[in-house]
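One point on numbering: in my numbering, the residue at position 96 of the sequence shown is 96, and numbering is uninterrupted.
First up is the structure itself, then whatever we jot down about it.
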Amino acid sequence: MLTEQQKVLWEQLRHTLSRDQAIWFAGYVQGIVQPEGMAATLTTQKKLRVFFATETGNSKMIAQQVAKQAKDHGWNASPQSVKKIKQAKELQGDEPIIFITATHGEGEPPEPALAFFELLRQSDVSLKGVKYAMLGLGDSSYPQYNKAARDLDAYMEKLGAERIYERGELDVDFASHYPQWIAGVLSALPSAQPASVPVTVETAAPAGKGYSRLEPVVGRVREIINLNDRGSAKETYHIEIEHDEPLAYAPGDVAGIILPHFAEGVDHLTPRLYSIASSPLAHAGNIHLTVALAWHRCESDEIGYGLCSRYLADLEVGDEVKFFIQRNSLFKLPEDERDIIMIGPGTGIAPFRSFVWERAERGASGRNWLFFGEQHQHCDFLYQAEWIDFVETGALHKIDLAFSRDQEHKVYVQHCLKEKASELLEWVDGGAVIYVCGAKDPMSKDVEQTLLEIFAAKKGSYEAAQEFLDQLHDDNRYVKDVY
Ligand SMILES: Cc1cc2nc3c(=O)[nH]c(=O)nc-3n(C[C@H](O)[C@H](O)[C@H](O)COP(=O)(O)OP(=O)(O)OC[C@H]3O[C@@H](n4cnc5c(N)ncnc54)[C@H](O)[C@@H]3O)c2cc1C
Ligand SMILES: Cc1cc2nc3c(=O)[nH]c(=O)nc-3n(C[C@H](O)[C@H](O)[C@H](O)COP(=O)(O)O)c2cc1C
Numbered sequence: 001m002l003t004e005q006q007k008v009l010w011e012q013l014r015h016t017l018s019r020d021q022a023i024w025f026a027g028y029v030q031g032i033v034q035p036e037g038m039a040a041t042l043t044t045q046k047k048l049r050v051f052f053a054t055e056t057g058n059s060k061m062i063a064q065q066v067a068k069q070a071k072d073h074g075w076n077a078s079p080q081s082v083k084k085i086k087q088a089k090e091l092q093g094d095e096p097i098i099f100i101t102a103t104h105g106e107g108e109p110p111e112p113a114l115a116f117f118e119l120l121r122q123s124d125v126s127l128k129g130v131k132y133a134m135l136g137l138g139d140s141s142y143p144q145y146n147k148a149a150r151d152l153d154a155y156m157e158k159l160g161a162e163r164i165y166e167r168g169e170l171d172v173d174f175a176s177h178y179p180q181w182i183a184g185v186l187s188a189l190p191s192a193q194p195a196s197v198p199v200t201v202e203t204a205a206p207a208g209k210g211y212s213r214l215e216p217v218v219g220r221v222r223e224i225i226n227l228n229d230r231g232s233a234k235e236t237y238h239i240e241i242e243h244d245e246p247l248a249y250a251p252g253d254v255a256g257i258i259l260p261h262f263a264e265g266v267d268h269l270t271p272r273l274y275s276i277a278s279s280p281l282a283h284a285g286n287i288h289l290t291v292a293l294a295w296h297r298c299e300s301d302e303i304g305y306g307l308c309s310r311y312l313a314d315l316e317v318g319d320e321v322k323f324f325i326q327r328n329s330l331f332k333l334p335e336d337e338r339d340i341i342m343i344g345p346g347t348g349i350a351p352f353r354s355f356v357w358e359r360a361e362r363g364a365s366g367r368n369w370l371f372f373g374e375q376h377q378h379c380d381f382l383y384q385a386e387w388i389d390f391v392e393t394g395a396l397h398k399i400d401l402a403f404s405r406d407q408e409h410k411v412y413v414q415h416c417l418k419e420k421a422s423e424l425l426e427w428v429d430g431g432a433v434i435y436v437c438g439a440k441d442p443m444s445k446d447v448e449q450t451l452l453e454i455f456a457a458k459k460g461s462y463e464a465a466q467e468f469l470d471q472l473h474d475d476n477r478y479v480k481d482v483y
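Quick look at the structure:
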């Protein structure tokens with residue numbers, strides 16, 4: 001078909017084309033044999049809207065994969081958090097939408113997406129003509145499996161939008177299944193690409209042994225100690241679990257504990273998550289947990305205990321424990337030069353012990369500032385000796401403590417933040433990342449309120465403060481891991 005000269009030219013060109021260029025080229029060639037005008041549409045990329053709702057980063061990672069793969073197939077997409085959508089009518093338009101949402105809490109949307117879900121739930125705006133697809137990330141050991149994706153799908157349908165591909169509901173082994181869903185949805189999109197380019201999506205490496213409740217590993221208790229001293233109302237256990245598997249994790253990840261069979265029938269056996277308190281660099285071959293024994297008063301007035309924390313608190317050295325690592329790609333240390341502010345009362349301290357050990361080991365130059373709180377200094381100052389050492393060696397640059405019951409009036413971490421407002425603002429202006437870990441309610445809400453007050457005093461209004469905090473959140477400089 002080609003002349004000799006054309007063959008030579010083609011051979012010369014063919015080897016120099018990148019994947020993107022080859023796709024463009026295929027579209028271009030197809031375009032010039034089609035009716036007039038087609039070439040132009042085929043060579044300019046169409047816009048695809050990709051929105052994610054995430055708490056620990058998985059949905060964001062998949063949204064980025066969707067955008068990357070879509071680009072190869074003629075679509076231009078830059079993933080955004082659903083948090084950016086302030087009015088339902090912003091969803092109107094011709095550009096197809098792909099939503100990727102996790103479910104958290106007890107069947108709730110991820111925290112940053114709560115306002116968006118509420119907005120859509122209450123809206124009566126017409127989304128007729130809007131084409132969309134929905135991917136949910138969940139864990140089938142929770143009773144409300146993938147509820148957020150189901151809810152959002154229902155809201156879109158109710159508003160008249162048209163689902164163009166079946167809803168995906170992925171479980172904890174999502175890493176080996178999402179490429180297939182992406183390939184399917186890209187094929188279902190109204191054609192943006194020449195039909196001759198097949199839709200293929202790179203397969204992500206399966207998560208593997210030790211990274212989901214489906215494939216836990218067995219470790220042994222190396223050490224277990226109650227960190228609270230005599231006089232405390234609490235029992236908080238430092239538990240070291242040694243393992244032979246080559247498990248990789250990063251500070252900020254959590255461990256999922258599989259309850260042993262004795263508990264079967266009592267509970268649906270959802271694994272319980274615990275922030276990892278060790279550093280992979282400083283404590284190779286071990287993971288450390290900081291576990292508060294949860295208790296309640298039963299109707300009979302007796303004391304009852306939380307299932308998993310009781311199980312863990314009763315472990316003895318040498319006992320086996322089944323666990324897995326659950327990644328949190330958002331709650332991560334920044335580059336070594338950046339300052340960090342860690343707010344972690346109670347067991348919220350756990351990931352920060354990991355952070356400081358890791359940074360000390362790396363010789364990170366960024367400064368570390370810890371806010372910790374508990375009831376009494378003499379018996380509840382978790383890991384006191386280590387923090388003192390870290391201050392002495394210069395690994396911890398500042399520590400502020402709030403012991404709520406050591407004086408007449410209650411003092412909490414948010415009061416320390418307020419007291420240190422001007423220094424805190426200096427750190428934040430210098431690029432510091434703010435981390436909050438521990439109780440969602442009321443701690444993390446009170447801390448957020450206080451941060452807003454501190455920012456409002458500087459920025460002149462509460463609205464400006466909220467905008468600033470939202471921006472910090474978007475930039476991964478205000479990160480929470482609360483429960
Ligand atoms: C991302 C993440 C990180 C976490 N990190 C940590 C950590 O580092 N350290 C930590 O200690 N925890 C952490 N948690 C919390 C932990 O996962 C568990 O939720 C906690 O240990 C309680 O689990 P449990 O099985 O002991 O209690 P459950 O049996 O699940 O009970 C939950 C609560 O209900 C109470 N309860 C149970 N039955 C009754 C009843 N009949 N009437 C009234 N009350 C009742 C229990 O006392 C307990 O307080 C984290 C959670 C998440 C999501
Ligand atoms: C505290 C907590 C609660 C969760 N609750 C649910 C739930 O009710 N239903 C569900 O299907 N998945 C639930 N999950 C599982 C998450 O949806 C799953 O881990 C998902 O991959 C997280 O995605 P993300 O990283 O985008 O936030 C929960 C996870 C956590 C940590």
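Backbone N, C-alpha and C fix where the C-beta goes; we use that ideal spot for every residue, glycine too.
With distances taken between CB atoms, is the gap from residue i to residue j smaller than 9 Å?
i           : j           : result
residue 496 : residue 389 : A query on residue 496 cannot be resolved here, the shown segment of the chain reaching from 1 to 483 and no further.
residue 254 : residue 326 : yes
residue 278 : residue 240 : yes
residue 100 : residue 63  : yes
residue 87  : residue 130 : no
residue 482 : residue 437 : yes
residue 232 : residue 380 : yes
residue 350 : residue 275 : yes
residue 171 : residue 140 : yes
residue 148 : residue 174 : no
residue 335 : residue 366 : yes
residue 433 : residue 478 : yes
residue 282 : residue 364 : no
residue 211 : residue 331 : no
residue 108 : residue 143 : no
residue 270 : residue 347 : no
In this structure, what does DSSP give as the bridge partners for residue i?
i           : result
residue 255 : 274, 325
residue 137 : 102, 170
residue 288 : 240
residue 297 : 303
residue 75  : 46
residue 482 : 438
Does residue i pass the burial test, meaning 16 or more other C-beta atoms within 10 Å, or should it be called exposed?
i           : result
residue 309 : buried
residue 98  : buried
residue 303 : exposed
residue 16  : exposed
residue 408 : exposed
residue 8   : exposed
Going along the chain, which residues of its own chain have a beta-carbon closer than 6 Å to the beta-carbon of residue i, five neighbours each way excluded?
i           : result
residue 445 : none
residue 322 : 216, 218, 258
residue 466 : none
residue 185 : 133, 165
residue 125 : 88, 89
residue 398 : 369
Might you give, ordered along the chain, the residues of its own chain that have their beta carbon closer than 7 Å to the beta carbon of residue i, omitting 5 neighbours on each side?
i           : result
residue 67  : 50, 77, 78, 79
residue 328 : 56, 57, 252, 253, 254, 481
residue 4   : none
residue 61  : 329
residue 59  : 52, 53, 100, 101, 102, 137
residue 294 : 305, 306, 309
residue 36  : Only weak support is given to the placement of residue 36: the predicted model assigns it a pLDDT of 48, under 50, and the value that follows is read from those uncertain coordinates. Closer than 7 Å at Cβ, skipping near neighbours: no residue.
Note down, in chain order, each residue of its chain lying with its Cβ closer than 8 Å to the Cβ of residue i, except the 5 sequence neighbours on either side.
i           : result
residue 376 : 231, 232, 403, 405, 406
residue 421 : 454, 457
residue 127 : 88, 91, 92, 156, 159, 160, 161
residue 178 : 62, 65, 135, 168, 170, 204
residue 45  : 71, 74, 75, 76, 192
residue 393 : 360
**Message:** Whether or not the stretch 436 to 456 and the stretch 224 to 233 are in contact is what I'm after, with contact meaning three or more pairs of Cβ atoms, one per stretch, closer than 8 Å; do they touch?
**Reply:** The stretch 224 to 233 is not in contact with the stretch 436 to 456.
**Asked** Hey, is the stretch 243 to 253 in contact with the stretch 212 to 221, meaning 3+ C-beta pairs nearer than 8 Å?
**Response** Touching, yes.
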